[in-house]
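Going by my numbering, the sequence shown opens with residue 14, and the numbers climb by one from there. Right, one structure below, let's go through it.
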Amino acid sequence: MTALNRSLSGKLFIYHVDKDPPDRDINLLIKVTNRQIPGWINVPGLSPSEELLKQLEKWQWDSKWPRMWPKYKKLYKHELIKIPLKNLHLRHLLKRLNQGFDVAVACDCGDEQHCHKQIIGEWINQQGIPVVQGKEIRKERKKISPSNIEQLTLLEVEH
């Protein structure tokens with residue numbers, strides 16, 4: 014990253030840890046896990062509380078998910094603002110973005126549309142920071158698949 018770029022805000026990238034590479038200036042895994050994943054910094058303080066995760070599991074078990082997404086969203090936003098450690102991590106994330114760093118946040122939620130990282134992305138976007146969805150980057154990568162690219166060679170081939 015150049016010094017010139019640091020005067021501008023960075024971008025927040027919403028990634029899935031198993032589908033997207035840790036390819037940004039700062040790469041944060043926002044989930045409670047003992048799993049060590051190369052390239053990712055584990056910040057469990059930005060994951061939902063144990064109580065909220067249990068509630069989510071109950072909604073899923075009772076076939077109420079994703080209908081309960083609005084309630085989950087409200088509860089998680091409340092945690093981000095009211096729980097001091099979560100709020101501190103959120104403010105540090107915003108600070109790094111405002112310093113011009115591109116930051117990726119990732120977890121392994123199967124339903125990327127209804128995931129806590131989307132709630133963080135929404136809040137960050139409300140602060141004027143651009144948010145890029147990893148799934149959109151993946152779509153673009155598929156368009157440039159090897160089958161669409163003519164193979165170049167260093168050797169001349171005589172016909």
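Idealized CB from N, CA, C, for every residue including glycine.
Taking the alpha-carbon of I5 as reference, which of I94, K152, N111 and Q73 has the nearest alpha-carbon? Outside the shown range of the chain (14 to 172) lies residue 5, about which nothing can therefore be said.
Would you mind sorting N47 into buried or exposed? The rule is 16 or more other CB atoms within 10 Å of its CB. As a first step, residue 47 is located in the sequence shown; it is residue number 34 there, counting from the start. N47 should be labelled exposed.
Please classify L21: does DSSP put it in a helix, a strand, or coil? In the sequence shown, residue 21 corresponds to position 8, counting from 1. Coil at L21, not helix or strand.
Range of the contiguous beta strand (DSSP E) that encloses Q131: Start at 1 with the first residue of the sequence shown, and residue 131 comes out as number 118. Counting along the chain, Q131 falls outside any beta strand (DSSP E), though it belongs to the alpha helix (DSSP H) covering H129 to Q139.
Do you know offhand how far R109's Cα is from D36's? Translated into the one-based positions of the sequence shown, residue 109 becomes position 96. Translated into the one-based positions of the sequence shown, residue 36 becomes position 23. Looking at the two C-alpha atoms, the distance is approximately 16 Å.
With which residues is Q146 paired in a DSSP beta bridge? For the purposes of this step, residue 146 is taken as residue 133 along the sequence shown, with counting starting at 1. BP columns for Q146 point to I27.
Closest by C-alpha distance to E63, when choosing among D115, Q49, I54 and K44: Here residue 63 refers to the residue found at position 50 of the sequence shown. Comparing Cα-Cα distances from E63 to each of D115, Q49, I54 and K44, the minimum goes to K44.
Which parts of the stretch 32 to 64 are runs of the beta strand (DSSP E), unbroken and 3 residues or longer, counting only runs that do not cross its ends? 39 to 42
Straight-line gap, R104 to S22 (C-alpha atoms, nearest Å): Numbered from 1 along the sequence shown, position 91 holds the residue referred to as residue 104. Numbered from 1 along the sequence shown, position 9 holds the residue referred to as residue 22. Counting only the Cα atoms, S22 lies some 14 Å from R104.
Nearest-angstrom beta carbon gap, G147 and I27 [assumed within contact, 8 Å]: The count along the sequence shown starts at 1 and reaches residue 27 at position 14. The count along the sequence shown starts at 1 and reaches residue 147 at position 134. The C-beta separation of I27 from G147 comes to about 6 Å, placing the pair in contact by the 8 Å criterion.
Would D38 and V116 be called neighbours here (beta carbons separated by less than 8 Å)? If you number the sequence shown from 1, residue 38 lands on position 25. If you number the sequence shown from 1, residue 116 lands on position 103. Taking 8 Å as the Cβ cut-off, D38 and V116 qualify as a contacting pair.
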